[in-house]
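A short worksheet on the structure shown next.
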Amino acid sequence: MPDISVILPDGSKRDIPSGSTVEDLARSIGSRLAQAALAAKVDGRLVDVGHTLSGGETVEIITDKSPEALEILRHSAAHVMAEAIKELFPEARFGIGPAIEDGFYYDVELSASLTPDDIGRIEERMAHIVSQAQPFDRAEVTMPEALEVFEEEPYKLELINELPADETISVYRQGVFTDLCRGPHIPHTGRIGAFKLMKLAGAYWRGDSDRPMLQRVYGTAWFTQKDLDEHLTRIQEAERRDHRKLGRDLDLFSLHEDAGAGLPIYHPKGARVLRMIQEWMRAELYRRGYDEVITPHIYKADVWKTSGHWDNYRENMYFFQVDEGEGRINDYGIKPMNCPGHIMVYKNDLRSYRDLPMRLFEFGTVYRHELSGVMHGLMRARGFTQDDAHIFCTADQVHDEVIAMLDLVDHVNSAFGFEYTAEVSTRPAKSMGSEDMWEVATEGLIGALKARGLDYEINEGDGAFYGPKIDIKLRDAIGRTWQTATIQADFNLPERFDITYRTAENTEARPFTLHRTILGSMERFLGILIEHYAGAFPLWLAPTQVVIVPIADRHLDYCASVQQELQAVGVRVETYAENEPMRVKIAKAQQQKVPYMLVVGDKEAEQGAVSVRDRTQGDLGAIPVGEFVAMLETTQSGQ
RNA sequence: GCCGACGUAGCUCAGCUGGUAGAGCAACGCACUCGUAAUGCGUAGGUCAGGGGUUCGAGUCCCCUCGUCGGCUCCA
43 MPDISVILPD GSKRDIPSGS TVEDLARSIG SRLAQAALAA KVDGRLVDVG HTLSGGETVE
103 IITDKSPEAL EILRHSAAHV MAEAIKELFP EARFGIGPAI EDGFYYDVEL SASLTPDDIG
163 RIEERMAHIV SQAQPFDRAE VTMPEALEVF EEEPYKLELI NELPADETIS VYRQGVFTDL
223 CRGPHIPHTG RIGAFKLMKL AGAYWRGDSD RPMLQRVYGT AWFTQKDLDE HLTRIQEAER
283 RDHRKLGRDL DLFSLHEDAG AGLPIYHPKG ARVLRMIQEW MRAELYRRGY DEVITPHIYK
343 ADVWKTSGHW DNYRENMYFF QVDEGEGRIN DYGIKPMNCP GHIMVYKNDL RSYRDLPMRL
403 FEFGTVYRHE LSGVMHGLMR ARGFTQDDAH IFCTADQVHD EVIAMLDLVD HVNSAFGFEY
463 TAEVSTRPAK SMGSEDMWEV ATEGLIGALK ARGLDYEINE GDGAFYGPKI DIKLRDAIGR
523 TWQTATIQAD FNLPERFDIT YRTAENTEAR PFTLHRTILG SMERFLGILI EHYAGAFPLW
583 LAPTQVVIVP IADRHLDYCA SVQQELQAVG VRVETYAENE PMRVKIAKAQ QQKVPYMLVV
643 GDKEAEQGAV SVRDRTQGDL GAIPVGEFVA MLETTQSGQ
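All you need for the numbering used here is the position in the first sequence, starting with 1, plus 42.
Right, here's the structure in full:
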């Protein structure tokens with residue numbers, strides 16, 4: 043048989059007999075590689091190890107070391123789960139079952155709801171299937187054949203019917219389960235080293251709330267038990283950091299059924315942290331040419347009619363009626379956004395190009411009636427405070443304004459130790475504003491990102507109908523991403539409220555409006571910070587920075603004088619004066635994640651000193667009070 | 001809003017197939033006055049989320065509402 047040759051990733055050529063598969067190639071290179079081969083990338087396209095090579099391709103063997111490997115494994119695990127479900131529930135009809143970050147899921151339609159017991163049974167079946175090392179068999183079929191194979195699978199039929207008529211349709215079979223699938227898959231089910239089913243949820247078919255709701259089973263899969271264990275440990279770590287739990291343990295905030303869902307109530311310590319962030323932010327904004335405004339929480343409905351909220355956002359708003367006397371009844375709406383107030387400030391006077399850019403900011407508390415199922419502690423609430431600002435500027439100022447915002451984003455994120463990425467969303471199908479405006483605004487955004495050397499992804503057509511936007515996603519201490527800052531151009535409001543300015547040529551022009559938040563919502567940002575720091579706020583944010591721990595009652599007087607001395611220089615300090623052994627007080631302060639504990643006994647009282655205990659480093663020994671204050675100042679100025 | 005699970009003391013949880021509610025921590029009181037992560041003893045604390053129903057009897061079974069959790073959808 044004549045040889046063909048393929049190119050390996052290192053650029054070398056390798057001759058193999060014609061008709062060889064990827065597996066044959068791997069074996070010809072080495073038996074270890076043949077053992078390790080999971081799939082391959084042929085000319086950049088992922089294929090199974092059973093794929094027949096035709097010669098001339100560039101071939102990269104995928105092993106469990108490859109970046110694509112886990113995704114392939116998890117996709118295969120989804121098929122194994124589907125097989126198990128089909129064995130247990132023959133009436134099951136299948137939707138889709140992709141690999142996702144950290145795992146996979148499969149959507150199925152069943153006559154009855156799955157229970158946690160069922161999950162256990164499915165896992166057992168899966169373990170059995172894995173132990174059998176069932177091969178994944180690939181076959182290519184024509185459209186009519188595919189329609190026949192899946193005649194009892196309405197969801198699969200829907201997917202097939204949407205494929206282009208000339209598409210090669212591949213199906214994969216292992217055991218009793220056959221799936222419409224592009225592949226590739228691992229060679230056989232035995233390669234799934236470790237898996238676990240994680241949770242059950244409802245999911246609309248194709249994400250459409252008008253279509254049937256299927257049952258979604260989530261799982262995770264890894265090459266080794268060790269990897270799975272580490273994954274489970276990471277989940278535990280995330281639970282340990284959960285801001286809802288820490289918020290209670292650290293006495294930061296609470297949520298009350300009686301008060302209403304999604305309405306966080308801040309306790310003194312939570313309020314203190316929030317105010318620290320706001321004060322810091324406010325100083326930063328003044329420095330950057332912003333002016334603070336304060337606007338009402340409610341407006342007459344007419345305002346919301348003008349702004350468009352009445353027509354487009356009403357179901358998310360709280361409206362109420364007020365009897366103003368003599369039978370006059372007015373509708374009022376609670377603000378879900380701060381724009382109208384800021385616009386009114388702008389509109390209050392004639393504006394000239396000399397006034398621009400005008401940067402108005404507000405810590406504006408807004409209320410949105412979010413769907414009942416979406417609330418999540420501080421991260422998703424119905425009442426929250428945005429660090430909101432609107433910049434009114436001319437077209438040619440957009441670029442510099444956006445650069446300034448990105449600069450602020452960078453400053454803020456690095457102050458808290460976050461890395462971040464940017465995404466640009468462009469014009470959607472349904473949108474307003476001229477092509478020209480979109481062009482200018484989108485270029486302004488992208489140009490600014492480039493000027494700052496920030497990498498970004500583009501979400502084509504994902505912008506708001508009123509303008510393009512940049513979203514900033516930050517990455518916390520354990521690698522999770524959160525959306526916080528958003529920078530949006532808005533063509534809608536200037537139009538609706540008919541705001542203008544006088545140009546240098548004494549003509550009337552419409553300003554550009556840029557809407558932006560840097561922290562997003564204070565609630566969400568605080569929640570992210572709590573989880574990022576696992577509750578151990580850095581010194582400058584810690585609600586209590588120092589706890590004084592007297593050893594015995596006779597030291598209380600001295601404690602009071604130390605406390606006064608610290609308070610005098612603005613240190614947030616408490617004394618644990620209750621009648622407990624000192625070990626207990628230290629344990630409590632550690633649990634409260636207080637940065638410094640000052641142990642005070644006979645020795646310290648005599649010498650005018652304090653024994654400093656750092657929450658992470660432990661006992662640092664005794665130093666004079668003045669020295670401790672200097673130490674705090676040094677640490678704090680690092681911020 | 002939709003699917004599923006859940007809601008017992010301030011917190012974490014126990015309470016089997018219906019028979020009149022329990023622990024640890026926290027709180028309060030007393031004793032101990034203590035040297036770097038939890039002193040001992042005692043006391044008090046619950047309309048078992050709320051409402052309705054089934055039953056001789058409901059924390060336990062059924063229905064509704066509210067809330068929480070995990071997803072979906074939404075995120076002008």
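We put the CB at the ideal spot given by N, CA and C, even for glycine.
Asked, Found
"Nearest CA to the CA of Arg596: which residue from Glu648, Asp532, Asp449?", "Glu648"
"In its own chain, which residues sit with a C-beta less than 6 Å from the C-beta of Arg517, not counting the 5 before and 5 after it?", "Glu461, Thr523"
"Indicate whether Phe136 and Tyr148 have their beta-carbon atoms separated by less than 8 Å.", "yes"
"Helix, strand or coil: which one does DSSP assign to Lys472?", "coil"
"Could you pull out every residue in the same chain whose Cβ sits closer than 6 Å to the Cβ of Asn501, ignoring the five residues on either side in sequence?", "Glu465, Ser467"
"Tell me whether the region 266–279 and the region 155–170 touch, counting them as touching only if at least three CB pairs, one residue from each stretch, are closer than 8 Å.", "no"
"Unbroken alpha helix (DSSP H) runs of length 4 or more, entirely within the region 149–203: which are they?", "158–173, 185–191, 196–203"
"Rounding to the nearest angstrom, what Cα-Cα distance links Met447 and Ile529 in this structure?", "8 Å"
"For the region 250–265 and the region 139–159, state whether three or more C-beta atom pairs, one from each stretch, are separated by less than 8 Å.", "yes"
"Quick check: the region 637–645 against the region 598–611, are at least 3 beta-carbon pairs closer than 8 Å?", "yes"
"Bridge partners for Cys435 per DSSP, in chain order?", "Phe554"
"Spatial neighbours of Ala664 within its chain, please: C-beta separation below 8 Å, excluding the five flanking residues on both sides.", "Lys645, Glu646, Gln649, Ala651, Val652, Ser653, Val654"
"How should Ser251 be labelled, buried or exposed, when 16 other C-beta atoms within 10 angstroms of its C-beta is the threshold for buried?", "exposed"
"Tell me which residues share the same chain as Ile202 and place their Cβ nearer than 8 Å to its Cβ, disregarding the 5 neighbours each side in the sequence.", "Met185, Ala188, Leu189, Phe192, Ile211, Leu222"
"With a CB to CB cut of under 6 Å and the five nearest residues on each side skipped, what residues in its chain are close to Gly98?", "none"
"Please state if the CB of Gly505 and the CB of Arg469 are separated by a distance shorter than 8 Å.", "yes"
"Within its chain, find whatever has a CB closer than 7 Å to the CB of Arg253; leave out the 5 residues flanking it on each side and keep chain order.", "Tyr246, Trp247"
"Considering just the uninterrupted stretch of the beta strand (DSSP E) at Trp582, what are its terminal residues?", "Careful: Trp582 lies outside any beta strand (DSSP E) and carries neither H nor E."
"Check Gln216 in the structure and name its three-state DSSP category.", "strand"
"I believe Leu80 touches Pro229 by the beta-carbon criterion, under 8 Å. Please report the beta-carbon distance rounded to the nearest angstrom.", "7 Å"
"Measure the Cβ-Cβ separation of His117 and Ala82 and say whether it is below 8 Å.", "no"
"Nearest-angstrom Cα distance between Gly660 and Val589?", "14 Å"
"Considering only residues of the same chain and omitting the five flanking positions on each side of Leu398, which have a CB-CB separation below 8 Å?", "Phe434, Cys435, Thr436, Gln439, Tyr543, Pro553"
"Kindly indicate which residue of Asp284, Val213, Ala76 has the alpha-carbon position closest to the one of Tyr575.", "Asp284"
"List in chain order: all unbroken alpha helix (DSSP H) runs of 4+ residues lying wholly within the region 233–271.", "none"
"Could you compute how far the alpha carbon of Thr275 sits from the alpha carbon of Val454?", "30 Å"
"Can you check DSSP and say which residues form a bridge with Phe460?", "Answer is none; Phe460 lacks a bridge partner."
"Does DSSP classify Ala303 as helix, strand or coil?", "coil"
"What does the Cβ neighbour count give for Glu565, buried or exposed, with the cut at 16 atoms within 10 Å?", "buried"
"Tell me whether Arg167 is buried or exposed, calling it buried when 16 or more other Cβ atoms sit within 10 Å of its Cβ.", "buried"
"In whole angstroms, give me the CA-to-CA distance for Gly521 and Glu143.", "12 Å"
"Of the choices Gln633, Ser349, His432, Arg494, whose alpha-carbon is the least far from that of His557?", "His432"
"From Ala471 to Arg69, what does the alpha carbon distance come to, in whole angstroms?", "51 Å"
"Confirm, please, whether the CB-CB distance from Thr526 to Ile514 is below 8 Å.", "yes"
"For Glu113, does the three-state DSSP call read helix, strand or coil?", "helix"
"Do you know offhand how far Arg317's Cα is from Leu568's?", "11 Å"
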